[in-house]
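Notes follow once the structure below has been shown.
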Amino acid sequence: MTDRLKGKVCLITGGGRGLGKAMALAFAAEGPKAVAISYVSNEAYAEETCEAVAELGGRPFGERDGG
Numbered sequence: 024m025t026d027r028l029k030g031k032v033c034l035i036t037g038g039g040r041g042l043g044k045a046m047a048l049a050f051a052a053e054g055p056k057a058v059a060i061s062y063v064s065n066e067a068y069a070e071e072t073c074e075a076v077a078e079l080g081g082r083p084f085g086e087r088d089g090g
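In this text, residue positions in the sequence shown follow the numbering used here: the first is 24, and each later residue adds one.
Shown next as structure tokens:
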């Protein structure tokens, strides 16, 4: 972890899977204050991403997009 994002909040849209999940995990490894994960249809994928972010020491928030 490099702490490049220390104290920042990252918002990832489509963070439940694919590239969005990869970005959420990459950002979580950079030490942000929180990682917010927006998803439209699959809460289970978003929860998995939130758990992985927490394992990296991040503070995840999952939020359903009204889409």
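Don't be surprised by glycine CBs; every beta carbon is placed ideally from N, CA and C.
- Comparing alpha-carbon positions, the option among 67, 63, 49 and 58 lying closest to residue 31 turns out to be 58.
- Judged by their CB atoms, residue 44 and residue 78 are not nearer to each other than the 9 Å cut-off.
- Cβ-Cβ distances below 6 Å link residue 37 to 43 in the same chain, with the five nearest sequence neighbours on each side left out; the list follows chain order.
- Taking the CA atoms as reference points, residue 66 sits about 24 Å from residue 53.
- A direct Cα-Cα distance of roughly 21 Å separates residue 89 from residue 46.
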